[in-house]
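A.B. asks:
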Amino acid sequence: MSINPLVSIKDLKIEVRVTRAKRLSIVDSASFEIESGKIIGLIGESGSGKTMLCRSLVGTLDRRGAYIAAGQLIFDGIDLIAAKQSVWNEIRGKRIGYVPQSALAGPNPVMTIGAQLAEAILQDENFPKSDVEKRSLELLNIVQIRRPETVLKQYQHELSGGMKQRVMIACAIAQQPELIVADEPTTGLDVTVQAEIMELLKQIRKDFNTSIILVSHDLPLINEICDDIVVMHAGTTVEKIPSKLIKTSKHPYTIALYNSRIDLVEPKGQLKTINGQPPSVGNWPAGCRFSERCDFVKDKCRVKQDLPLIEIGSNHQTSCLRYDEIAR
Ligand SMILES: Nc1ncnc2c1ncn2[C@@H]1O[C@H](COP(=O)(O)OP(=O)(O)OP(=O)(O)O)[C@@H](O)[C@H]1O
Ligand SMILES: [Mg+2]
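In my numbering, the protein residues as written are 28 to 355.
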């Protein structure tokens, strides 16, 4: 654990209100830290709670009827769970930039790109209006958009997927945030554009020492760009591992995800998949939530118990009870 991480998430629980009386736990136990200037990859199957975790960092859970039920969420020493609206106004979009999962739907369809960027820039009430256009062009240059003067006058339907994503990133960095939360910024883009967006995020980190949380299903891509990888499964963080050590993972779920990488398939070979279906929210098995699908399962894994992350190496934590018995 680092002494002064930029973000510290500990035993975070997120619930949704299903009816007046019924609550559903969506994220049940998330714990990890992010140091300044680090890129953290957040991976896990669909429904594992990645977007909810991202939303907790920008204080927009309530827009999905969700809330933080327990745990800790600290950003640069600020308790985000206790944060009042006035505190959020200084953090959301300013110190923490957000590229939402639906970003490919694009920026606002009825606003020009220029108007959209102006809105992001003028979140800083003291920013001189006369400098907005200059700053907008500067931002479009940072995200490597060609012909920025033309793009400022365009609407999102006139842009390609990759350009839309660059505009969303430009909006997210308008206030030079210390953290960018990018929820699947490359899903739906072709591979070349994906690689370009990843390069862009890397460059932003290099130039501004920005920390980045990057959500993706693309393990090879995540592995290449991220310093550390946080693996989520069924509402829990099950492993945190430096990306260069991914092959030495000590959690069967990470191993299964790694083995199902499409780039590992031999020509004419078969893609390996993970057995069974992920447990559905609210129907999580007792004990280890991966136990039903795990190749290494033992009876002790199925016993009802908490499975906190255990430190097993430098910057390497796993929640697997059998981490020291796993042999591939
Ligand atoms: N308002 C809600 N009411 C009930 N369940 C919800 C609500 N919002 C989200 N969920 C459920 O919470 C779980 C976690 O959702 P989340 O969007 O965080 O998943 P995710 O890991 O981002 O998935 P994906 O990879 O598909 O984006 C999902 O099973 C989802 O169906
Ligand atoms: Mg999501």
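Note that beta-carbon positions come from the ideal geometry of N, C-alpha and C, so glycine has one too.
Only a predicted model underlies this, so the values are computations on that prediction, with no experimental measurement involved.
Using the Cα positions of M138 and Q171, report the straight-line distance between them to the nearest angstrom.
C.D. replies: Cα to Cα, the separation comes out at about 21 Å.
A.B. asks: Taking 5 Å as the limit, tell me which residues put their C-beta closer than that to any heavy atom of ligand 1, in chain order.
C.D. replies: V43, I53, S73, G74, S75, G76, K77, T78, M79, R91, G92 and V308
A.B. asks: Go ahead and label P335 buried or exposed: buried means 16 or more other beta carbons lie within 10 angstroms of its beta carbon, across all protein chains shown.
C.D. replies: Burial check for P335: the Cβ neighbour count within 10 Å stays below 16, so the residue is exposed.
A.B. asks: When every heavy atom of ligand 2 is checked, does at least one fall within less than 7 Å of the C-beta of D210?
C.D. replies: yes
A.B. asks: May I ask you to report which of helix, strand or coil DSSP gives L51?
C.D. replies: strand
A.B. asks: Is there at least one non-hydrogen atom of ligand 2 closer than 7 Å to the beta-carbon of Q128?
C.D. replies: yes
A.B. asks: For the beta strand (DSSP E) holding F235, just list the boundary residues, first then last.
C.D. replies: Segment V218 to F235 is the alpha helix (DSSP H) holding F235; no beta strand (DSSP E) there.
A.B. asks: For H184, count the other beta carbons within 10 Å of its own beta carbon; 16 or more makes it buried, fewer makes it exposed. Which is it?
C.D. replies: exposed
A.B. asks: Excluding sequence positions up to five away, which residues of its chain have a Cβ less than 8 Å from the Cβ of K121?
C.D. replies: Q150, D151, Q202 and P204
A.B. asks: Kindly list the residues whose CB is nearer than 6 Å to the CB of Q99, restricted to its own chain and excluding five residues on each side of it in sequence; keep chain order.
C.D. replies: K37
A.B. asks: Within this structure, are the beta carbons of S318 and E266 separated by less than 8 Å?
C.D. replies: no
A.B. asks: Between I123 and L241, is the Cβ-Cβ spacing less than 8 Å?
C.D. replies: no
A.B. asks: Any chance you could list the beta strand (DSSP E) runs of at least 3 consecutive residues sitting entirely within the region 34-116, in chain order?
C.D. replies: 34-44, 50-61, 66-70 and 93-102
A.B. asks: Closest by CA to F235, which one among K40, S35, S63 and T46?
C.D. replies: For F235, the closest of K40, S35, S63 and T46 by C-alpha to C-alpha distance is S63.
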